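Enquirer: Before anything else, here's the structure in question.
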Amino acid sequence: MASSPLPLTHEKFNLEIIEYIQDLGSCWRCAMRFTREREPEAYQRKIVDLKQEPEEKLLKTSPCVICLGLIQDQFINECITDEIAQHVIESDYDSPTFACMVSLPIAIMLREQAVWFLTTEKFPKLLSPNFTVDHVTSLKDVWKFVFSKMLEFKLKKKLAHSSSSFQIQVSVLYPDEISECGALVDMCPEKFKHRYKQTKIYQEGIFTRNAAHCVLAGMSSTNFQKFYSLKVPNVNAYYGAVQCFHTSRHIAGRYQKFSRKLCQTPWLIEGEKHMDTSIQELICQHLEPFFKTQSVKFSSSGREDVDVRTLGLGRPFAIELLDPHRTLFTQDEITQVQSSINSSTDAIQVRDLQLVSKEQLSRVKKKKQKIYRALCVTLDGSTLTAEDLIRINGITELVLMQKTPLRVLHRRPLAVRPRTVHEMKVTLLDDHPGHFILRLKTQAGTYVKEFVHGDFNRTVPNLCILLGRPVDIVALDVDAVELDWPPALFN
């Protein structure tokens with residue numbers, strides 16, 4: 001918790017605090033944290049040359065009673081940063097910057113609280129509404145002060161805690177964590193009773209930082225010391241897993257779909273693929289190896305049915321690349337990936353492929369109009385009259401009431417949705433009696449097939465009602481999705 005330091009200007013007083021806390025068994029860095037020292041340089045003093053210390057003294061050194069040896073000179077070994085750096089290098093991320101986070105044992109919170117109570121009892125003038133245990137310089141911050149420069153050098157990446165999208169998470173483990181944290185249960189049994197019973201809900205563990213903070217907040221020194229006393233640890237903390245993660249990058253473009261046997265995303269029925277491939281797979285099988293990502297999230301400005309083509313400039317789509325390892329590239333390289341996609345299949349074509357920001361993604365779901373072209377047929381074989389054409393072609397801003405279609409009722413809730421047909425035009429096919437082309441401009445989300453055949457009058461009005469005869473749809477194309485996004489690249 002950030003706070004401006006109080007005017008503890010007397011160096012002698014600070015030294016007394018440091019000396020007292022060190023006498024409790026603390027390392028000098030942890031002792032300094034209680035003086036609210038926040039300058040990184042103060043904690044970056046040259047690590048003690050262990051060769052200058054007698055071997056017997058080193059062997060007798062106990063872990064710090066607060067950090068459990070984490071930032072203690074005698075337990076700091078350069079191989080720690082070597083191991084972290086090696087893991088990061090093997091993970092093969094190209095980000096030029098990094099942010100480093102460390103996950104600490106909950107037992108350190110208890111130990112820090114214990115030292116706080118002992119120190120404020122020894123030095124009552126430390127007590128202030130503006131200075132609580134939460135204002136002690138964070139151990140996580142000091143860990144970063146000590147190790148970040150070494151990591152910068154070994155990773156050849158620049159430390160940028162607040163701005164980097166590449167994060168290194170280091171876990172610190174403590175063998176006696178569970179036994180020491182048992183004091184929290186003694187302090188507040190009700191807080192943990194349901195956690196022991198509902199382990200599925202509390203999968204992160206019985207003891208969490210939030211739960212510990214709730215128990216310790218506002219607790220008096222007297223009550224705390226009834227259940228917990230500061231002891232020299234038997235073992236020191238050690239480093240567990242190192243995890244790397246890069247925030248998502250986003251790619252957008254437009255796709256044209258020429259096949260009437262292709263779904264947009266993988267079609268799974270009871271876990272089994274129902275179709276060989278999909279638009280998403282045809283695109284992402286090229287993007288995933290390029291960006292070195294293992295998974296993606298595909299979204300688009302609506303979706304067409306399997307048997308519907310998408311023509312014109314195509315349908316806008318966006319792909320979230322989860323944890324990409326490659327993030328440095330040029331637009332020319334993305335255009336080369338686009339060319340690879342287009343040369344690999346006749347079912348689709350992609351255009352305007354480009355990097356976009358997360359903030360731009362809302363555009364893909366923006367309200368828009370769509371233009372359709374449908375091949376229709378009268379079921380009684382009759383040919384539309386000139387009067388039929390005049391009547392239909394003159395209709396504008398027709399509001400439909402569409403009940404959820406029967407064909408999608410298994411995956412969409414039953415509802416009646418108003419949708420608008422802004423304009424329509426019918427053109428007869430002279431060589432095919434009873435057949436005609438219907439061109440529509442509609443509100444997004446309109447079920448065009450159901451507008452044509454009526455879906456047992458679940459859509460009203462429908463073309464059957466407007467023409468006074470039964471009509472069905474033979475084939476449907478999306479001619480345009482009127483959304484000016486992403487920007488055209490003219491490549």
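Be aware that the sequence shown starts at 1, since it is given in UniProt numbering, and climbs by one per residue.
Just so it is clear, CB atoms sit at the ideal spot from N, CA and C, and this is done for glycine as well.
Keep in mind the model is a prediction, meaning the values are calculated, not measured.
Could you check the C-alpha separation between Arg45 and Thr119 for me, to the nearest Å?
Expert: Going by the C-alpha atoms only, they are around 24 Å apart.
Enquirer: Would you call the CB atoms of Gly445 and Thr383 closer than 8 Å?
Expert: Cβ distance not < 8 Å, so Gly445 and Thr383 don't count as in contact.
Enquirer: Only counting the same chain, and skipping five residues up and downstream in sequence, which positions put a Cβ closer than 6 Å to that of Ala99?
Expert: Here the set comprises His161, Ser164 and Gln167.
Enquirer: My assumption, with CB atoms under 8 Å, is that Ile84 sits in contact with Leu151. Please give the rounded CB distance.
Expert: The pair is a contact, with the Cβ atoms about 7 Å apart (cut-off 8 Å).
Enquirer: Cα-Cα, which of Phe192, Leu328, Leu321 and Arg36 is closest to Ser248?
Expert: Among Phe192, Leu328, Leu321 and Arg36, the Cα nearest to that of Ser248 is on Leu321.
Enquirer: Measuring alpha carbon to alpha carbon, tell me which residue in Gln331, Ser301, Asn393 and Met401 is nearest Ala480.
Expert: Checking every option, the nearest Cα to that of Ala480 belongs to Ser301.
Enquirer: Per DSSP, which one or two residues make a beta bridge with Met424?
Expert: BP columns for Met424 point to Leu440.
Enquirer: Along the chain, where does the alpha helix (DSSP H) containing Gln86 start, and where does it finish?
Expert: Segment Glu78 to Ser91, the alpha helix (DSSP H) holding Gln86.
Enquirer: Let me know the secondary structure DSSP gives Ala237 once reduced to three states.
Expert: Here Ala237 sits in coil by DSSP.
Enquirer: Give the straight-line distance between the Cα atoms of Lys370 and Val452, rounded to the nearest whole angstrom.
Expert: Approximately 16 Å, taken between the alpha carbons.
Enquirer: Leaving out five residues on either side along the sequence, give the residues of the same chain with a beta carbon under 8 Å from the beta carbon of Cys244.
Expert: Answer for Cys244: His87, Val88, Ser91, Tyr93, Phe166, Gln167, Ile168 and Gln169, listed in chain order.
Enquirer: Relative to the C-alpha of Gly25, which residue among Gln264, Cys67 and Ala42 is closest?
Expert: Of the listed residues, the one whose Cα sits closest to Gly25 is Cys67.
Enquirer: With Lys140 as the anchor, note down where its alpha helix (DSSP H) starts and where it stops.
Expert: Leu139 to Leu155 is the extent of the alpha helix (DSSP H) around Lys140.
Enquirer: Under the rule that 16 or more other beta-carbon atoms within 10 Å means buried, what is residue 525, buried or exposed?
Expert: In the structure displayed, the chain extends from 1 to 491; residue 525 sits before or after that span and is not available.
Enquirer: Tell whether a beta-carbon distance below 8 Å holds between Leu375 and Ile465.
Expert: For Leu375 and Ile465, no; Cβs fall outside 8 Å.
Enquirer: Less than 7 Å between C-beta atoms, sequence neighbours within five positions excluded: which residues of the same chain meet that for Asp141?
Expert: Taken in chain order, the list of residues that qualify is empty.
Enquirer: By a C-beta neighbour count over all protein chains shown, 10 Å radius and 16 as the cutoff for buried, is Phe192 buried or exposed?
Expert: Flag for Phe192 reads buried.
Enquirer: Taking the CB atoms as reference points, tell me whether Arg351 and Arg469 lie closer together than 8 Å.
Expert: Result no, Cβ atoms of Arg351 and Arg469 do not sit closer than 8 Å.
Enquirer: Quick one: Cα of Glu39 to Cα of Trp28, how far?
Expert: Computed Cα separation, rounded: 15 Å.
Enquirer: Looking at the secondary structure, which residues open and close the alpha helix (DSSP H) in which Val356 lies?
Expert: Where Val356 is concerned, there is no enclosing alpha helix (DSSP H), although the beta strand (DSSP E) it sits in stretches over Ile348 to Val356.
Enquirer: Considering just the uninterrupted stretch of the beta strand (DSSP E) at Phe298, what are its terminal residues?
Expert: First-last of the beta strand (DSSP E) with Phe298: Ser295 to Ser300.
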